[in-house]
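Colleague: Here the protein sequences come in this chain order: A and B.
Going by the working numbering, the first residue of the first sequence is number 5, and it counts up by one from there.
Going by the working numbering, the first residue of the second sequence is number 81, and it counts up by one from there.
We put the CB at the ideal spot given by N, CA and C, even for glycine.
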Amino acid sequence: MGFASLLMEAGQDGWAYREVSDPELPEVRQTEWAREDLDYFVQARIEQEGFEPAKEASKRLLVRRAYFDLHGLPPSAEQVEAFLSDQSDKAWENLIESLLASPRYGERWGRHWLDVARYSDSNGMDEDIAHPSAWRYRDYVIESFNNDKPFNQFIIEQLAGDLLPAENLTQQRAQTLGLGFLSVGPKMLACDDPDKMRRDIVDEQMDTMGRAFLGMTIGCARCHDHKIDPISIEDYYGLAGVFMSTKTLTKYSVVAEFHEHDLTEKKHREMWAEVARLEESKNRKETPEDEKGRLVGEISRLKKDLPAPFKVMGVTEYPTQDVRVHLKGDYLTLGDLVPRGVPSAWTGGEKIEMPAEQSGRLELARWISSAKNPLTPRVIVNRLWRWHFGRGIVATPDNFGGLGEEPSHPKLLDHLASLFINSGWSVKSMHRVLMNSATYRQSASAAGDIVEKDPENQLLARWQRRRVESEVIRDSILFKSGRLNFEMGGSLVEVRPNKYIDRAPLQKQAQIPRRTVYLPVYRSTGYDDQKVFDAADPTAPDGNRRCSTVAGQALFLMNSELIHESSDHLASLVLEHPESERGEWLIRRVLDREATQDELLKGQEFLSEYPDRQEGWAAFARVLFASHEFMYVE
Amino acid sequence: MSLCQNREGLPMNRREMLQRSGAGFGALALQAMMARNASAIPKAPPLLGSAKRVIFLFMHGGPSTVDLFDPKPLLARDTGKPFPFQAPRIVSHQSKNLLLKSPWNCQKHGESGSEVCELLPHIASIVDDLCFVRSMHCSNSRHGGALLELHTGSDTFTRPSMGSWINYGLGTENENLPGFITINPSGSHGGAGAWSSAFLPARYSGTRIGGKTAAEMKVPFIDNPLRDRAKQRREIDFLNSFNREYASLRGYDSELESRIASFELAFKMQMEIPGVQDLSGEPEHIKKLYGADVDPTKSFGEQCLTARRFSEAGVRFVQVTHRYWDSHGNLKKDHERLSAEMDKPVAGLISDLKQRGLLDETLVLWGGEFGRTPTAQGSDGRDHNPHGFTMFMAGGGIKPGTVYGTTDDYGYYAQENPVHFHDLHATILHMMGINHTDLTYPYAGRDFRLTDVEGKIITDLLA
Chain A
5 MGFASLLMEA
15 GQDGWAYREV
25 SDPELPEVRQ
35 TEWAREDLDY
45 FVQARIEQEG
55 FEPAKEASKR
65 LLVRRAYFDL
75 HGLPPSAEQV
85 EAFLSDQSDK
95 AWENLIESLL
105 ASPRYGERWG
115 RHWLDVARYS
125 DSNGMDEDIA
135 HPSAWRYRDY
145 VIESFNNDKP
155 FNQFIIEQLA
165 GDLLPAENLT
175 QQRAQTLGLG
185 FLSVGPKMLA
195 CDDPDKMRRD
205 IVDEQMDTMG
215 RAFLGMTIGC
225 ARCHDHKIDP
235 ISIEDYYGLA
245 GVFMSTKTLT
255 KYSVVAEFHE
265 HDLTEKKHRE
275 MWAEVARLEE
285 SKNRKETPED
295 EKGRLVGEIS
305 RLKKDLPAPF
315 KVMGVTEYPT
325 QDVRVHLKGD
335 YLTLGDLVPR
345 GVPSAWTGGE
355 KIEMPAEQSG
365 RLELARWISS
375 AKNPLTPRVI
385 VNRLWRWHFG
395 RGIVATPDNF
405 GGLGEEPSHP
415 KLLDHLASLF
425 INSGWSVKSM
435 HRVLMNSATY
445 RQSASAAGDI
455 VEKDPENQLL
465 ARWQRRRVES
475 EVIRDSILFK
485 SGRLNFEMGG
495 SLVEVRPNKY
505 IDRAPLQKQA
515 QIPRRTVYLP
525 VYRSTGYDDQ
535 KVFDAADPTA
545 PDGNRRCSTV
555 AGQALFLMNS
565 ELIHESSDHL
575 ASLVLEHPES
585 ERGEWLIRRV
595 LDREATQDEL
605 LKGQEFLSEY
615 PDRQEGWAAF
625 ARVLFASHEF
635 MYVE
Chain B
81 MSLCQNREGL
91 PMNRREMLQR
101 SGAGFGALAL
111 QAMMARNASA
121 IPKAPPLLGS
131 AKRVIFLFMH
141 GGPSTVDLFD
151 PKPLLARDTG
161 KPFPFQAPRI
171 VSHQSKNLLL
181 KSPWNCQKHG
191 ESGSEVCELL
201 PHIASIVDDL
211 CFVRSMHCSN
221 SRHGGALLEL
231 HTGSDTFTRP
241 SMGSWINYGL
251 GTENENLPGF
261 ITINPSGSHG
271 GAGAWSSAFL
281 PARYSGTRIG
291 GKTAAEMKVP
301 FIDNPLRDRA
311 KQRREIDFLN
321 SFNREYASLR
331 GYDSELESRI
341 ASFELAFKMQ
351 MEIPGVQDLS
361 GEPEHIKKLY
371 GADVDPTKSF
381 GEQCLTARRF
391 SEAGVRFVQV
401 THRYWDSHGN
411 LKKDHERLSA
421 EMDKPVAGLI
431 SDLKQRGLLD
441 ETLVLWGGEF
451 GRTPTAQGSD
461 GRDHNPHGFT
471 MFMAGGGIKP
481 GTVYGTTDDY
491 GYYAQENPVH
501 FHDLHATILH
511 MMGINHTDLT
521 YPYAGRDFRL
531 TDVEGKIITD
541 LLA
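Have a look at this one:
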């Protein structure tokens with residue numbers, strides 16, 4: 005018996021555990037509106053409540069919306085003009101295609117996933133140890149989005165990439181990089197009790213996996229049967245066996261060290277071993293000076309053109325073990341032994357066989373990413389919807405359980421989930437469908453009194469205006485002031501793996517004009533400008549960032565080094581233009597639209613107070629960067 | 081309406097939204113801003129609390145309280161002999177468990193006769209204002225774990241700091257200042273975890289002001305690089321014209337109004353915060369009282385004085401960190417130096433609060449993440465001891481001139497009336513007028529609280 009029916013017997017709905025259906029399109033009265041099938045579900049609901057959808061937004065607003073949404077950056081003035089002057093029927097589709105083809109797309113949507121993966125370059129918690137090469141996982145995520153890697157494969161690689169067959173080293177590397185997902189979580193690394201430490205790490209991994217892919221809070225069952233969701237304490241320890249058979253650290257004593265897969269090419273690995281051997285004899289006291297000199301030369305000859313070792317932070321296999329129930333979560337008071345497995349309530353009673361010689365991570369990953377599993381596709385399409393529209397169809401994207409919200413449009417959610425499965429789990433195909441919909445193209449100004457009747461916009465009868473995220477603010481300021489460096493990937497910091505990170509240069513690094521996604525994330529601290537604008541906290545998965553308005557944000561926009569340096573830079577660009585065109589140029593540059601006469605007049609008045617023109621234009625630029633219009637997408 | 085979220089992290093409900101849309105346009109912007117940020121409005125505490133504010137003097141590293149406040153005659157007698165009871169299952173460093181007598185003497189002081197080490201003469205002089213808890217214990221033998229447990233109640237997961245919980249529960253008394261300030265905290269052993277709001281909204285997070293000297297202690301982005309208030313005022317006025325134009329074309333939107341107000345608030349903060357932090361107006365005798373005039377007390381003295389000024393101005397929770405008490409070796413020399421830095425500023429702060437009539441409503445808490453073992457590490461060191469140690473409190477309705485709880489005859493384990501960090505948290509919340517079982521926040525499928533499923537209010541500590 006499936007869990008949905010068990011729950012229904014208990015008087016609960018259990019909608020999330022029902023099989024994903026492919027519902028029929030509902031009837032609508034106004035047949036001209038819909039552009040995609042999904043629109044019928046939205047429209048039927050709007051009509052049922054006696055309202056109408058909002059009008060389509062202007063092309064000028066739409067192009068800005070699309071750039072922010074897919075790239076996390078505003079368009080340039082030229083890009084706006086190009087779209088406005090494209091009169092073809094396919095202008096919008098073509099714009100979306102070109103945005104999806106740009107590497108800026110992966111940087112934006114990869115960052116969304118990194119929120120869920122609680123990505124960090126350092127451990128934080130008690131001992132802020134550098135994660136060895138975690139940035140490779142970050143780059144892997146960005147690349148996976150750019151390549152439109154099927155999401156089911158993306159899931160498997162992140163949970164069990166090391167257990168997939170690989171034909172060559174390149175493939176092995178590509179698959180193994182995803183394992184950072186399980187390793188980058190927060191851990192208490194200086195624990196005097198290694199047994200407790202292992203169990204805490206396993207608990208964190210299971211909880212993150214549950215929230216990220218299944219919208220479930222598994223952690224509750226560590227101490228008792230989950231009171232609301234279908235996971236018993238036995239289920240928990242059945243899953244825990246899979247992770248207890250998995251090695252995350254190579255050393256579980258104070259201070260611990262992370263496991264890395266060494267995927268250096270064989271001949272290079274041998275050369276590195278040779279370098280190490282020569283260095284050792286060079287450092288020996290009894291080695292004569294002239295011999296030392298020869299060795300130095302030899303070493304530098306060997307190292308010349310020798311690629312750096314290719315190491316990937318990630319979990320690996322341990323001898324398999326089943327785990328006993330820990331009564332009240334305490335591993336010192338043990339109950340019955342539970343064989344490794346996937347809770348049968350989740351699988352609709354189907355038993356997932358666990359191999360004797362392997363942890364079972366691969367089997368677990370295959371079940372999670374299977375189309376038969378009703379949770380994962382719903383959770384993923386809801387995440388995509390949340391990131392496009394600002395609110396999920398299920399408003400609690402990390403919790404589909406009994407304490408989460410119910411879907412506002414259950415059939416729409418199922419429609420999208422089945423579309424997603426049929427597309428081969430293609431995220432880009434979902435962007436096309438969502439963005440091409442009439443629902444997406446609506447204006448933010450709604451018709452009639454609907455704002456009062458539906459303040460939360462549950463009916464989706466308009467576009468929801470919203471402030472852009474912390475990274476977008478920083479990147480947009482750098483971009484519009486002409487400072488943004490589009491170099492991709494790699495590490496901005498020299499970290500010594502498994503050693504304490506050096507927080508001192510952090511604020512200096514924040515000034516490097518690369519995209520924010522490439523700035524190192526230190527869990528024990530963070531960038532003041534990012535935190536104040538509600539950046540994701542890397543201590544736990546977060547698929548639903550907050551959006552606050554606080555005075556600290558104003559302080560950043562008034563006083564920060566980033567804003568002053570950027571506005572100075574932009575002022576010098578303004579001064580390259582003829583005096584009569586400067587105001588118009590600056591407003592178009594920053595706000596992607598023509599200036600109004602009123603603005604230009606007020607601007608002149610404002611500038612008249614500044615004898616120093618550079619200073620005046622910098623002040624003008626700061627004002628535009630701080631404006632509502634710069635920060636809001638509509 | 082634009083999309084933003086209320087303090088539960090969920091979209092605002094209709095009633096809330098309508099209430100706000102009825103609030104008028106423009107003129108009420110600042111009020112709207114304050115309404116959005118619940119922290120800016122002092123909320124009536126649900127119970128009648130004795131304390132309004134907390135100043136936490138955190139001794140990072142773990143001071144040896146068996147030497148400072150909990151003298152043990154048997155330890156002196158049996159020095160060099162093996163610890164006669166079972167040592168803990170988990171220890172930070174393996175040792176031979178040989179007892180080590182204190183290098184210093186303790187004496188009874190004041191009318192209460194509480195015992196204080198000779199290294200702390202200033203604290204000794206105010207013992208009748210203090211309440212010592214000698215039976216503190218916690219669950220973790222490592223700095224990071226114990227530190228996070230002390231600050232957040234959990235040594236396993238990321239949880240909100242007690243300063244965040246208190247601000248979530250009560251709000252701040254001064255909307256121009258953050259409600260939770262931590263002065264010169266340690267970046268290690270928990271780092272931001274110790275002042276993070278975790279799953280509580282970010283505005284309840286502690287504001288870190290780093291730096292050892294008063295001049296270095298800065299709220300992020302508080303300094304205007306233009307150093308010209310009139311110019312900045314002009315920028316904000318010009319910005320307002322853009323923002324009002326934008327907002328007026330879009331119908332009432334409380335979030336846009338709040339944003340306009342946030343610049344006014346920031347402008348006021350810029351004026352107020354440097355004033356609060358400016359110690360130059362403090363009379364010499366006050367600086368002397370804190371030792372803020374000369375070394376070795378100057379740095380910590382300035383920090384304690386700054387803490388008083390923030391607290392006085394209405395900051396609910398101010399923390400000052402003094403480090404680094406981790407004397408695995410060099411106990412004698414290091415504890416003498418650290419005591420000399422810490423003693424006068426702490427006693428000065430408490431006396432100053434008292435003479436200003438603020439001590440009754442300000443709870444001062446002193447302590448480290450754990451104490452140190454009565455057994456030796458090497459010949460002149462002690463290991464971490466989470467099993468029994470002393471913290472002390474003053475003001476805010478605590479019972480003055482008392483000693484509560486005991487450790488065993490050697491000072492290793494809490495024995496009579498043990499007080500866990502969870503109990504300390506429950507008691508502090510109680511003193512603030514909050515029932516610790518009622519202060520909850522829904523997260524990841526259940527209601528969380530500072531004391532999790534634990535916590536016992538120690539009524540014997542209350543006046």
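For T482/B, tell me which candidate among P281/B, Q312/B and K188/B has the shortest Cα-Cα distance.
Modeller: Selected option, being the one with the closest Cα: K188/B.
Colleague: Could you tell me which whole alpha helix (DSSP H) segments of length 4 or greater appear in the region 146–171 of chain A?
Modeller: Correct list: 155–164.
Colleague: Going along the chain, which residues of its own chain have a beta-carbon closer than 8 Å to the beta-carbon of A622/A, five neighbours each way excluded?
Modeller: Answer for A622/A: H568, S571, D572, L574 and A575, listed in chain order.
Colleague: Consider the C-beta atom of K298/B and the heavy atoms of the ligand ATP; say whether any pair is separated by less than 7 Å.
Modeller: The ligand content of the structure shown is nil, which means the ligand ATP is not present either.
Colleague: Would you list the one or two residues that DSSP bridges to V483/B?
Modeller: DSSP output for V483/B lists F212/B as bridge partner(s).
Colleague: According to DSSP, is R445/A part of a helix, a strand, or is it coil?
Modeller: R445/A falls in the coil class under three-state DSSP.
Colleague: Can you give the beta carbon distance from R436/B to V146/B, rounded, assuming they're within the 8 Å contact cut?
Modeller: The pair is not a contact, with the Cβ atoms about 34 Å apart (cut-off 8 Å).
Colleague: Based on the DSSP secondary-structure assignment, which residues constitute the bridge partners of L253/A?
Modeller: Paired residues: F262/A.
Colleague: Can you name the start and end residues of the alpha helix (DSSP H) that T145/B belongs to?
Modeller: Run containing T145/B: T145 to L148, per the alpha helix (DSSP H) assignment.
Colleague: Could you check whether the region 485–500 of chain B touches the region 204–218 of chain B, counting it as contact only if at least three pairs of C-beta atoms, one from each stretch, sit closer than 8 Å?
Modeller: Yes: at least three Cβ pairs fall under 8 Å.
Colleague: So, does the region 165–181 of chain A touch the region 395–409 of chain A, judging by three or more C-beta pairs under 8 Å?
Modeller: Result no; under three Cβ-Cβ pairs closer than 8 Å.
Colleague: DSSP state of A630/A, grouped into three classes?
Modeller: It is coil, neither helix nor strand.
Colleague: Going along chain A, which residues have a C-beta under 7 Å from Q312/B?
Modeller: Those are M562, listed as they occur along chain A.
Colleague: Can you name the start and end residues of the beta strand (DSSP E) that G133/B belongs to?
Modeller: First, the amino acid is wrong: residue 133/B is Arg here, not Gly. Here the beta strand (DSSP E) through R133/B covers R133 to H140.
Colleague: Using C-beta distances below 6 Å, list every residue in its chain close to D423/B, excluding the 5 sequence neighbours before and after it, in chain order.
Modeller: L200, H202 and I203, listed in sequence order.
Colleague: Within a Cβ cutoff of 8 Å, which residues of the same chain sit near V346/A, ignoring the five residues on either side of it in sequence?
Modeller: Same-chain partners within the cutoff: G242, L243, I356, E367, L368 and W371.
Colleague: Can you tell me which of I516/A, I591/A, V525/A and T520/A puts its alpha carbon nearest to the alpha carbon of D506/A?
Modeller: Nearest of I516/A, I591/A, V525/A and T520/A to D506/A, Cα basis: V525/A.
Colleague: Determine the closest residue to G223/A out of V395/B, F397/B, I508/B and A524/B, with distance taken between C-alpha atoms.
Modeller: With distances taken between Cα atoms, G223/A lies closest to A524/B.
Colleague: Could you check the C-alpha separation between L439/B and D358/B for me, to the nearest Å?
Modeller: The straight-line gap from Cα to Cα measures roughly 22 Å.
Colleague: Compute the beta-carbon to beta-carbon distance between F450/B and F469/B, rounded to the nearest angstrom, for a pair I have assumed lies under 8 Å.
Modeller: Yes, they are in contact, since the Cβ atoms of F450/B and F469/B sit about 6 Å apart, within 8 Å.
Colleague: Pick out the complete alpha helix (DSSP H) segments inside the region 597–622 of chain A, 4 residues or longer, and give them in chain order.
Modeller: Fully enclosed alpha helix (DSSP H) runs of 4 or longer: 601–611.
Colleague: Apply the 10 Å Cβ neighbour rule to E638/A and answer buried if 16 or more other Cβ atoms are within range, or exposed otherwise.
Modeller: By the 10 Å Cβ count, E638/A comes out buried.
Colleague: Any chance you could list the alpha helix (DSSP H) runs of at least 4 consecutive residues sitting entirely within the region 169–216 of chain A, in chain order?
Modeller: Whole alpha helix (DSSP H) segments, 4+ residues: 173–180, 184–187 and 198–213.
Colleague: Where are the alpha helix (DSSP H) runs, 4 residues long or more, that stay fully inside the region 276–326 of chain B, in chain order?
Modeller: List check, alpha helix (DSSP H) in window: nothing returned.
Colleague: Here's the rule I'm using: 16 or more other beta-carbon atoms within 10 Å means buried, otherwise exposed. How should P281/B be labelled?
Modeller: Buried: at least 16 other Cβ atoms inside 10 Å.
Colleague: Using the beta-carbon count (16 or more within 10 Å), is G259/B buried or exposed?
Modeller: Counting Cβ neighbours within 10 Å, G259/B comes out buried, since at least 16 surround it.
Colleague: I need the straight-line Cα distance from W37/A to D43/A, nearest angstrom please.
Modeller: Rounded to the nearest angstrom, the two C-alpha atoms are 8 Å apart.
Colleague: Are the region 228–242 of chain A and the region 382–390 of chain A touching, with three or more C-beta to C-beta distances below 8 Å?
Modeller: The region 228–242 of chain A, when compared against the region 382–390 of chain A, does not touch it at the 8 Å Cβ threshold.
Colleague: Terminal residues of the continuous beta strand (DSSP E) containing G448/B?
Modeller: It is not in any beta strand (DSSP E) - G448/B carries neither H nor E in the DSSP assignment.
Colleague: Just how far apart, CA to CA, sit W19/A and R140/A?
Modeller: The straight-line gap from Cα to Cα measures roughly 38 Å.
Colleague: Any contact between the region 415–433 of chain B and the region 158–176 of chain B? By contact I mean 3 or more CB pairs, one from each, below 8 Å.
Modeller: The region 415–433 of chain B is not in contact with the region 158–176 of chain B.
Colleague: Rounded to the nearest angstrom, what separates A448/A and L420/A at their Cα positions?
Modeller: In a straight line, the C-alpha of A448/A is about 23 Å away from that of L420/A.
Colleague: So if I threshold CB-CB distances at 8 Å, which residues from the region 485–507 of chain A count as touching chain B?
Modeller: Against chain B - using a Cβ distance shorter than 8 Å - the residues of the region 485–507 of chain A are Y504 and R507.
Colleague: Looking only at its own chain, which residues have a Cβ that is under 8 Å from the Cβ of D488/B, when we skip the five neighbours before and after it?
Modeller: Taken in chain order, the residues that qualify are F165, G468 and Q495.
Colleague: T293/B versus chain A: which residues are under 8 Å apart at the beta carbon?
Modeller: None at all; the shortest Cβ gap to chain A is about 17 Å.
Colleague: Between which two residues does the beta strand (DSSP E) holding Q47/A run?
Modeller: It is not in any beta strand (DSSP E) - Q47/A instead sits in the alpha helix (DSSP H) that spans D41 to Q52.
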